[in-house]
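*Asks:*
Residue numbers (our numbering): 85 to 381.
(1) With respect to the alpha helix (DSSP H) encompassing residue 346, which residues constitute its N-terminal and C-terminal limits?
(2) Quick one: is residue 261 near chain C, going by C-beta distance under 8 Å?
(3) Since residue 302 contacts residue 280 with CB under 8 Å, what's their CB separation in whole angstroms?
(4) Going by C-alpha to C-alpha distance, which of 219, 189, 129 sits closest to residue 95?
(5) Hey, could you find the ends of the alpha helix (DSSP H) residue 268 is sitting in?
(6) Mind listing, in chain order, the continuous alpha helix (DSSP H) runs of no fewer than 4 residues lying wholly within the stretch 256-299?
(7) If we count the other Cβ atoms within 10 Å of its Cβ and call it buried at 16 or more, is residue 123 buried or exposed?
(8) Using CA coordinates, which residue listed in 361, 156, 131, 255 is at the minimum distance from residue 81?
(9) Taking a contact to mean a Cβ-Cβ separation below 8 Å, would you say residue 366 touches residue 349 in this structure?
(10) Rounded to a whole number of angstroms, what is the C-alpha to C-alpha distance between residue 310 and residue 373?
(11) Give the straight-line distance between the Cα atoms of residue 381 and residue 370, rounded to the nearest whole angstrom.
(12) Taking the alpha carbon of residue 352 as the point to measure from, which residue in 157, 323, 335 has its own alpha carbon closest?
(13) How is residue 182 classed by DSSP in three states: helix, strand or coil?
(14) Leaving out five residues before and five after residue 242 in sequence, what residues of the same chain have Cβ atoms less than 7 Å from its Cβ?
(15) Please tell me whether residue 163 and residue 347 are closer than 8 Å, where the distance is taken between their beta carbons.
(16) Quick one, which of 250, 137, 237, 89 has its alpha-carbon nearest residue 187's?
(17) How many Å lie between residue 132 and residue 149 at the Cα?
(18) Tell me whether residue 100 is buried or exposed, calling it buried when 16 or more other Cβ atoms sit within 10 Å of its Cβ.
(19) Can you give me the start and stop residues for the alpha helix (DSSP H) that residue 152 sits inside?
(20) With burial defined as no fewer than 16 other Cβ atoms inside 10 Å of the residue's Cβ, what is the status of residue 225: buried or exposed?
(21) Can you tell me whether residue 197 is buried or exposed? The criterion is at least 16 other CB atoms within 10 Å of its CB, across all chains shown.
(22) Examine the ligand SAH and report whether any of its heavy atoms sits within less than 7 Å of the Cβ of residue 181.
(23) Consult DSSP for residue 222 and reduce its assignment to one of helix, strand or coil.
(24) Just the Cα atoms here: how many angstroms apart are residue 319 and residue 246?
(25) Nearest to residue 278 by alpha carbon, out of 185, 152, 136?
(26) Using 8 Å for Cβ pairs, my map puts residue 159 next to residue 300. What's the rounded Cβ distance?
(27) Helix, strand or coil: how does DSSP classify residue 250 here?
(28) Output the residue ranges of the alpha helix (DSSP H) runs that lie fully inside the stretch 183-217 and measure 4 residues or longer, sorted by chain position.
(29) Please state the DSSP three-state secondary structure of residue 160.
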């Protein structure tokens, strides 16, 4: 099990878990949760191929909904859910999660606090929304009487309940590993190089054609970044959408690409909204400010 701690901006971080799939003994089936997830993914992919009809409409709407689910939730869902068996295995030393991160852009002494925040800050939200989704599922059952089209409200609530469950129990397992000091933080030179390339070049094609940044160039970019964009300065993007494919290709993790792209898109939109709000507030303050009093002769 390997955890990637990927700063998207100077204030927001994505966590992504790479899991090693265990080979099952002959005749043994995967866990039911894995089988259900696999079947759902296959069905969704098949529906996306439809040229028209309710399947096409449903998948288009569903994919828009997926993009609005916070990237933090998607990241926590990649972490295996907590269980007594998994806890015992970790305590017995059978699994020591490696935590990799770009040490040039995220100080090693901050890793534990960043991970603890990711593990705990959303637990209450996921627990509450998981139960609300479960409560709403029976209420949506009458929609099954609609002919032809499946019970969309029910399946949506079921998906959200499952999503919040995975995020909640994934975050609890991460918190357990932190509390027991079972993680092994490892700065990654490869991530340093990929982050430096993203801050140096403007396009994926340009980055591919150029040589990987040297250690000296990485150190220079990192120092400039730390000086210009300190903790008290304005939030600054560290990754671009095109970085996602390069990181995924380097680590041979194709699923990582969509997680990075989704996170970057959401953070960029949030920053744009914040800037627009600040500009509007500044304009309002200027408009309502009292003009200076003129001196009388």
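Backbone N, C-alpha and C fix where the C-beta goes; we use that ideal spot for every residue, glycine too.
*Replies:* With the given structure in hand:
(1) 338-372
(2) In summary, chain C is missing from the structure at hand, where a single protein chain is found.
(3) With a Cβ gap of about 5 Å, residue 302 and residue 280 count as contacting.
(4) 189
(5) Not the alpha helix (DSSP H): residue 268 falls in the beta strand (DSSP E), residues 268-271.
(6) 273-284, 288-293
(7) exposed
(8) Residue 81 falls outside the range modelled here, since the chain spans only 85 to 381, and no answer is possible.
(9) By the CB criterion at 8 Å, residue 366 and residue 349 fall outside the cutoff.
(10) 37 Å
(11) In this prediction, residue 381 has a pLDDT of 48, which is less than 50 and means its spatial position is unreliable; nothing more can be read from the coordinates.
(12) Between residue 352 and the set 157, 323, 335, the nearest pair of CA atoms involves 323.
(13) strand
(14) Excluding sequence neighbours, residue 242 sits near 221.
(15) no
(16) 89
(17) 15 Å
(18) buried
(19) 138-152
(20) Exposed, since its Cβ has fewer than 16 Cβ neighbours within 10 Å.
(21) exposed
(22) By its list of ligands, the structure shown contains no ligand whatsoever, and the ligand SAH lies outside what it can speak to.
(23) helix
(24) 33 Å
(25) Residue 185 is the option with its Cα nearest to residue 278.
(26) Wrong, their Cβ atoms sit about 32 Å apart, outside the cutoff.
(27) Residue 250 falls in the helix class under three-state DSSP.
(28) 195-204
(29) Here DSSP, grouped into helix, strand and coil, assigns residue 160 to helix.
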